[in-house]
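Student:
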Amino acid sequence: MSPPKDLPKNYHFAEVEPRWQGIWRDEDNYFDRTSSLPQFVIDTPPPYPTGTFHIGNAFNWCYIDFIARYKRMKGYNVMFPQGWDCHGLPTEVKVEEIHGITKNDVPREKFREMCRELTIANIGKMRLTLRRLGFSVDWSNEYITMLPAYYKKTQISFLKMLASGYIYQSEHPVNFCTRCETAIAFAEVAYEPRETFLNYFDFDGVEIATTRPELLAACVAVAVHPEDERYTGISGRHLTVPIFGHKVPIVSDEAVDPAFGSGAVMICTFGDKQDVFWWKQHQLELRKAIDRQGRMTPVAGKYEGKKSGECREAILSDMKALGILRRQEPLEQRVGTCWRCKTPIEIMSERQWFVKIVPDEIMKAAREVKWTPGHMFLRMENWIGQMEWDWCISRQRIFATPIPVWFCRECGTMILPEEKDLPLDPTTTKPGHPCNKCGSTEVVGEEDVLDTWMDSSISVLNVTGWDGTRAPPLFPAQIRPQGHDIIRTWAFYTILRAVALTGKRPWDEILVNGMVLGEDGFKMSKSRGNIISPEEIVEQYGSDAFRQWAAAGAATGSDIMFNWNDVIAASRFQTKLWNVARFILLQLEKSEFNHEAPVTALADRWLLARLAETVSEVTEAMEQYQFDRGLKALREFSWNVLADNYIELVKGRLYSDDPSRDSACRALWETIDALCRMMAPYAPHFSEEIYSHLREGSVHKAAWPEALHSDPEAREKGDLLVRLVSEIRRFKHEQGLALNAPLGKVTVFSSRINGDGGDMARALNASIEWCADTGALEKRPGEIVFNMAVIGPALRKDAKAFMDAVRALPPDLLSSPPAAIDIGGRHVGVPAHSFSQQTDYLVGGTRVDLITVGDVIVTVQKHP
Ligand SMILES: [Zn+2]
Ligand SMILES: [Zn+2]
7 MSPPKDLPKN
17 YHFAEVEPRW
27 QGIWRDEDNY
37 FDRTSSLPQF
47 VIDTPPPYPT
57 GTFHIGNAFN
67 WCYIDFIARY
77 KRMKGYNVMF
87 PQGWDCHGLP
97 TEVKVEEIHG
107 ITKNDVPREK
117 FREMCRELTI
127 ANIGKMRLTL
137 RRLGFSVDWS
147 NEYITMLPAY
157 YKKTQISFLK
167 MLASGYIYQS
177 EHPVNFCTRC
187 ETAIAFAEVA
197 YEPRETFLNY
207 FDFDGVEIAT
217 TRPELLAACV
227 AVAVHPEDER
237 YTGISGRHLT
247 VPIFGHKVPI
257 VSDEAVDPAF
267 GSGAVMICTF
277 GDKQDVFWWK
287 QHQLELRKAI
297 DRQGRMTPVA
307 GKYEGKKSGE
317 CREAILSDMK
327 ALGILRRQEP
337 LEQRVGTCWR
347 CKTPIEIMSE
357 RQWFVKIVPD
367 EIMKAAREVK
377 WTPGHMFLRM
387 ENWIGQMEWD
397 WCISRQRIFA
407 TPIPVWFCRE
417 CGTMILPEEK
427 DLPLDPTTTK
437 PGHPCNKCGS
447 TEVVGEEDVL
457 DTWMDSSISV
467 LNVTGWDGTR
477 APPLFPAQIR
487 PQGHDIIRTW
497 AFYTILRAVA
507 LTGKRPWDEI
517 LVNGMVLGED
527 GFKMSKSRGN
537 IISPEEIVEQ
547 YGSDAFRQWA
557 AAGAATGSDI
567 MFNWNDVIAA
577 SRFQTKLWNV
587 ARFILLQLEK
597 SEFNHEAPVT
607 ALADRWLLAR
617 LAETVSEVTE
627 AMEQYQFDRG
637 LKALREFSWN
647 VLADNYIELV
657 KGRLYSDDPS
667 RDSACRALWE
677 TIDALCRMMA
687 PYAPHFSEEI
697 YSHLREGSVH
707 KAAWPEALHS
717 DPEAREKGDL
727 LVRLVSEIRR
737 FKHEQGLALN
747 APLGKVTVFS
757 SRINGDGGDM
767 ARALNASIEW
777 CADTGALEKR
787 PGEIVFNMAV
797 IGPALRKDAK
807 AFMDAVRALP
817 PDLLSSPPAA
827 IDIGGRHVGV
837 PAHSFSQQTD
847 YLVGGTRVDL
857 ITVGDVIVTV
867 QKHP
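Note that the sequence shown covers residues 7 to 870 in our numbering.
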């Protein structure tokens with residue numbers, strides 16, 4: 007027995023969407039490890055659990071869900087896991103805020119517990135949004151990076167890369183945020199323009215220009231260009247640093263820009279990256295003048311303890327007092343800042359942990375991955391090309407994966423845990439064995455923790471089943487979907503780690519999406535007040551309309567502007583398609599039809615041919631992740647082909663009891679069925695709702711439609727038929743006839759088409775005759791039409807006589823009129839375009855109206 011077919015008059019997303027969300031079962035989306043179907047594992051991005059699943063996430067997840075649903079229908083065993091990338095500073099800051107404490111007020115474990123609690127609560131909130139948007143997440147493959155099951159893997163990966171030489175610790179200059187009090191990676195440095203002063207001062211007789219006078223205490227050399235004539239012969243001498251009094255060498259170096267300032271620069275440890283190069287190149291001393299909190303160290307003498315900004319002011323004023331500050335010029339500068347808190351970064355030499363970057367092997371793996379859109383690969387290529395320093399992975403924070411390492415208190419030897427003892431926190435547990443070297447059991451646990459990207463960059467290993475020992479059984483994953491803003495971080499680090507841990511590329515493909523911009527075209531931000539939450543949109547128009555906005559709003563990889571009109575258009579399309587589906591279902595249930603009936607009528611064959619083309623187009627678009635193109639094809643087909651043309655053409659047949667009605671019913675049934683299936687990835691609730699009235703089972707378990715009816719002949723003839731009907735309707739309208747008024751007799755002169763099963767006759771309320779040639783069409787000269795706009799001004803009072811004279815001309819002269827004409831004995835010139843002769847058409851001796859449609863002639867003998 008088939009399900010109830012009558013659809014309610016209106017589509018109510020607010021009732022339908024939650025209803026289906028309640029009916030669908032999570033198990034339906036589980037990846038089946040015992041399945042023999044081809045696998046399709048998606049390495050989804052684990053969002054940061056802020057508590058709000060923002061529109062950028064939601065946009066990204068729409069793409070993922072389109073892919074997951076499509077691939078399931080194509081017969082893949084799909085994994086759409088949901089991860090949560092928990093660790094990091096924002097949560098620490100939030101916890102400090104909520105509890106009114108600083109991280110040092112409570113024991114480390116207690117602080118971590120507070121962070122975990124907040125994170126779990128936030129994840130709970132975000133899960134609800136994910137469900138509300140109808141994402142077909144595989145909740146059996148959810149992972150939470152702060153939980154032992156996951157960070158055990160992070161720790162194993164650390165130990166494996168330590169053993170293979172990819173990870174090492176070293177004293178090396180790193181980017182450091184003195185507000186967050188932690189080292190950060192290069193990828194986390196954001197560059198911002200700042201207005202500052204370039205200070206010229208007398209440095210023991212040499213003029214130096216600097217933007218950072220507070221680093222004077224850290225000055226270890228002065229550098230000049232070897233060919234700068236102002237400083238010939240000066241290299242190798244020593245200068246005394248003003249105020250501080252220590253001596254520094256003068257070195258010459260090609261990298262000095264003689265045009266900047268005075269051409270002499272001071273090298274400090276460290277003002278910028280260039281200082282680091284010079285420091286290594288010239289093997290200079292190390293003077294740390296700023297500590298981890300951004301305060302001056304004892305190296306700064308009387309300025310010790312001051313914040314670096316205060317120290318700058320104090321030194322400038324002391325320079326003035328000493329009379330050595332010559333002048334100050336304003337300067338526009340790009341300053342490296344912490345990406346989280348915008349504090350200018352300091353470069354500090356610190357003992358840190360590093361991951362070795364081997365650009366060639368990362369590049370090789372990146373090339374093996376298929377990039378969509380292709381140009382995104384260039385961003386990766388550029389980033390790899392500019393790698394200068396290894397990846398600093400240690401952080402001086404608390405809420406993060408602990409580095410599982412101890413050091414022997416006696417001899418300093420590094421002591422590593424056994425994998426079976428992981429996960430662990432070396433600051434609260436002891437190793438299971440004494441020091442291998444000296445046998446001491448006194449150890450110090452590593453307090454540094456790991457960069458969050460160390461957690462998230464093994465997401466692909468986690469979802470493909472890595473347990474730290476054997477090769478992950480599902481590796482590599484099929485696709486990584488992500489935003490272009492994290493190509494340098496997440497994509498880069500994932501490839502690096504996959505190569506280091508497995509020797510292979512992490513995925514077959516990567517799909518890069520754009521960013522969501524506000525309605526004003528700017529990045530959404532609190533300060534601009536242009537933030538829109540997905541909840542707000544879903545509330546007003548439903549999640550299926552939101553999802554269609556995500557698909558239609560931009561080409562894949564481009565940034566997408568939020569636009570209410572696109573959401574409204576999506577909602578309107580649903581209304582239109584709902585009405586079409588409702589009409590079709592009413593017709594189908596009105597009287598039984600034979601589902602196996604041969605599709606014979608031209609219009610029906612045409613519809614199925616157009617459907618087959620649409621299936622091909624949408625399938626190709628989905629295969630290439632061109633969701634906008636796929637949805638556009640579906641809308642055009644539904645709106646133009648199905649609703650405006652086909653249904654209008656066959657309505658009469660559907661209302662009749664003509665035997666060919668079965669052919670139309672079958673074509674409609676196949677069409678609405680395929681449309682539901684193709685709409686399912688985009689609008690899962692809407693499609694399910696219609697489908698449930700159409701047949702048993704869920705549309706999401708149905709197979710993706712095949713392009714079955716390639717029928718070029720029906721396509722071409724049907725196009726002509728549709729055009730004929732539309733042109734003749736226009737004629738009817740121009741004649742002031744109601745669309746359903748009887749029209750009379752229509753004759754179509756064409757050899758291309760010789761019948762349509764009566765559809766056109768019913769659609770036009772006319773009798774139709776199909777003529778293969780125009781033999782039956784007669785032509786004869788008709789009425790003469792005068793152009794008074796020409797005749798009036800040119801002939802004035804002769805106008806009437808002129809027209810009489812023209813009417814009296816023999817027929818052959820009418821078609822090529824003489825230059826002058828005789829009026830009462832006078833020769834009067836014939837003005838150009840003053841008249842023309844119409845042609846009358848006749849069929850069977852009766853006058854008819856003539857319409858041309860392309861190269862086809864149609865005559866209408868109106869109803870008397
Ligand atoms: Zn910071
Ligand atoms: Zn020892």
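Where is the CB? At the ideal position from N, CA and C, for every residue including glycine. Note that the structure is a prediction, hence the values are computed from the model and not measured.
For K532, which of helix, strand or coil comes out of DSSP?
Tutor: Taking the first residue of the sequence shown as position 1, residue 532 is located at position 526. In the structure shown, K532 sits in coil (DSSP, three-state: anything other than H, G, I, E or B).
Student: Alpha carbons only, please: which of G438, S400, A800 and A639 is nearest the one belonging to F182?
Tutor: Position 176 of the sequence shown, counted from the first residue, corresponds to residue 182. Nearest C-alpha to F182: S400.
Student: Is the CB-CB distance between L507 and L467 below 8 Å?
Tutor: Here residue 507 refers to the residue found at position 501 of the sequence shown. Here residue 467 refers to the residue found at position 461 of the sequence shown. In this structure, L467 lies closer than 8 Å to L507 by Cβ.
Student: Checking 8 Å against the spacing of the C-beta atoms, do S644 and L681 come in under that value?
Tutor: Against the sequence shown, residue 644 aligns to sequence position 638. Against the sequence shown, residue 681 aligns to sequence position 675. Closer than 8 Å, so yes.
Student: Inspect the beta-carbon positions of Y172 and V361 and report whether they are closer than 8 Å.
Tutor: As a working note, residue 172 is residue 166 in the sequence shown. As a working note, residue 361 is residue 355 in the sequence shown. In this structure, V361 lies closer than 8 Å to Y172 by Cβ.
Student: Out of curiosity, what's the CA-to-CA distance linking K326 and Y309?
Tutor: Here the question's residue 326 lines up with position 320 in the sequence shown. Here the question's residue 309 lines up with position 303 in the sequence shown. Using only the alpha carbons, I get a separation of about 16 Å.
Student: On the DSSP letters alone, give me the boundaries of the alpha helix (DSSP H) that E374 sits inside.
Tutor: Translated into positions along the sequence shown, residue 374 becomes position 368. Residues P365 to E374.
Student: Beta carbon of C347: closer than 7 Å to some heavy atom of ligand 1?
Tutor: Taking the first residue of the sequence shown as 1, we reach residue 347 at position 341. Yes, ligand 1 has a heavy atom inside 7 Å of this Cβ.
Student: In three-state terms, what does DSSP make of S146?
Tutor: For this step, residue 146 is matched to residue 140 along the sequence shown. Here S146 sits in helix by DSSP.
Student: Ligand 1 and R200: does any heavy atom of the ligand fall closer than 7 Å to the residue's C-beta?
Tutor: Working through the sequence shown from its first residue, we reach residue 200 at position 194. No, the Cβ of R200 stays beyond 7 Å of every heavy atom of ligand 1.
Student: Could you give the uninterrupted runs of the beta strand (DSSP E) lying entirely in the region 322-351, keeping only those of 3 residues or more?
Tutor: Within the region 322-351, the complete beta strand (DSSP E) runs of at least 3 residues are 331-344.
Student: For F117, tell me which candidate among R133, E367, V99 and I129 has the shortest Cα-Cα distance.
Tutor: Start at 1 with the first residue of the sequence shown, and residue 117 comes out as number 111. Considering only alpha carbons, the answer is V99.
Student: Taking N66 as part of the beta strand (DSSP E), name the residues at either end of that continuous run.
Tutor: Translated into positions along the sequence shown, residue 66 becomes position 60. From DSSP, N66 is part of no beta strand (DSSP E) but of the alpha helix (DSSP H) over I61 to M79.
Student: Can you tell me whether L245 is helix, strand or coil according to DSSP?
Tutor: Counting from 1 along the sequence shown, the entry for residue 245 is found at position 239. Correct three-state label for L245: strand.
Student: Between Q27 and G130, how many whole angstroms is the CB-CB distance? I'm expecting something under 8 Å.
Tutor: Position 21 of the sequence shown, counted from the start, is the residue given in the question as residue 27. Position 124 of the sequence shown, counted from the start, is the residue given in the question as residue 130. Wrong, their Cβ atoms sit about 17 Å apart, outside the cutoff.
Student: Can you tell me which of the three DSSP states F589 falls into?
Tutor: Numbered from 1 along the sequence shown, position 583 holds the residue referred to as residue 589. Helix at F589.
Student: So, with DSSP's three-state summary, where would you put E702?
Tutor: By 1-based counting over the sequence shown, the position of residue 702 is 696. It is coil, neither helix nor strand.
Student: Do three or more CB pairs link the region 794-806 to the region 757-772 at distances below 8 Å?
Tutor: Result no; under three Cβ-Cβ pairs closer than 8 Å.
Student: Grab the span of the alpha helix (DSSP H) containing N83 for me, first residue to last.
Tutor: Taking the first residue of the sequence shown as 1, we reach residue 83 at position 77. Element bounds for N83: not the alpha helix (DSSP H) but the beta strand (DSSP E), N83 to M85.
Student: Where in the region 230-295 do unbroken runs of the alpha helix (DSSP H), each at least 4 residues long, occur, reported from the N-terminal end onward?
Tutor: Entirely contained in the region 230-295, the alpha helix (DSSP H) runs reaching 4 residues are, in chain order, 279-287.
Student: I126: which of T135, H105, I104 and M152 sits nearest, CA to CA?
Tutor: As a first step, residue 126 is located in the sequence shown; it is residue number 120 there, counting from the start. Measuring from the Cα of I126, the nearest candidate turns out to be M152.
Student: Could you name each continuous beta strand (DSSP E) segment of 3 residues or more that falls completely within the region 749-786, going from the start of the chain to the end?
Tutor: If we require 3 residues or more, the beta strand (DSSP E) runs fully inside the region 749-786 come out as 750-755 and 772-777.
Student: According to DSSP, is T500 helix, strand or coil?
Tutor: On the sequence shown, position 494 is the one that residue 500 refers to. If DSSP states are grouped into helix, strand and coil, T500 belongs with the helices.
Student: Considering only the alpha carbon of each residue, which of S258, D263 and V796 lies closest to T238?
Tutor: As a position in the sequence shown, residue 238 is number 232, starting the count at 1. Nearest C-alpha to T238: S258.
Student: Please confirm whether any heavy atom of ligand 2 lies closer than 7 Å to the CB of T447.
Tutor: Here residue 447 is taken as the residue at index 441 of the sequence shown, counted from 1. Checking every heavy atom of ligand 2 against the Cβ of T447, none is found closer than 7 Å.
Student: Give the single residue among H178, D828 and T434 whose Cα lies nearest to the Cα of P113.
Tutor: Position 107 of the sequence shown, counted from the start, is the residue given in the question as residue 113. Taking only the C-alpha atoms, the option nearest P113 is T434.
Student: Flag this pair as yes or no: are the beta carbons of D32 and L591 separated by less than 8 Å?
Tutor: Position 26 of the sequence shown, counted from the start, is the residue given in the question as residue 32. Position 585 of the sequence shown, counted from the start, is the residue given in the question as residue 591. No, Cβ-Cβ distance for D32 and L591 is not below 8 Å.
Student: Classify F568 as helix, strand or coil using the three-state DSSP reduction.
Tutor: Counted from its first residue, the sequence shown places residue 568 at position 562. Here F568 sits in coil by DSSP.
Student: For K312 and S323, what's the separation of their Cα atoms in angstroms?
Tutor: The residue given as residue 312 occupies position 306 in the sequence shown. The residue given as residue 323 occupies position 317 in the sequence shown. Looking at the two C-alpha atoms, the distance is approximately 15 Å.
Student: Please name the residue in M120, E676 and T753 whose C-alpha comes closest to that of F405.
Tutor: Counting from 1 along the sequence shown, the entry for residue 405 is found at position 399. Among M120, E676 and T753, the Cα nearest to that of F405 is on M120.
Student: Buried or exposed: which applies to Q580, given that a residue is buried once 16 or more other Cβ atoms fall within 10 Å of its Cβ?
Tutor: The residue given as residue 580 occupies position 574 in the sequence shown. Flag for Q580 reads buried.
Student: What three-state label does DSSP hand T160 in the structure shown?
Tutor: Indexing the sequence shown from 1 puts residue 160 at position 154. In this structure, T160 counts as helix in the three-state DSSP scheme.
Student: D550 to P540, Cα distance in whole Å?
Tutor: In the sequence shown, the residue the question calls residue 550 occupies position 544. In the sequence shown, the residue the question calls residue 540 occupies position 534. Using only the alpha carbons, I get a separation of about 12 Å.
Student: Determine the extent of the beta strand (DSSP E) in which S644 is found, giving its start and end residues.
Tutor: The residue given as residue 644 occupies position 638 in the sequence shown. First-last for S644: undefined, no H or E at that position.
Student: On a Cα-Cα basis, can you pick out the residue from C186, I390, G242 and P232 that is closest to D297?
Tutor: Indexing the sequence shown from 1 puts residue 297 at position 291. For the residues C186, I390, G242 and P232, the minimum Cα distance to D297 belongs to C186.
Student: Is R185 near ligand 3, going by C-beta to nearest heavy atom under 7 Å?
Tutor: Inclusion of ligand 3 in the displayed structure is not the case, the ligand content consisting of ligand 1 and ligand 2 alone.
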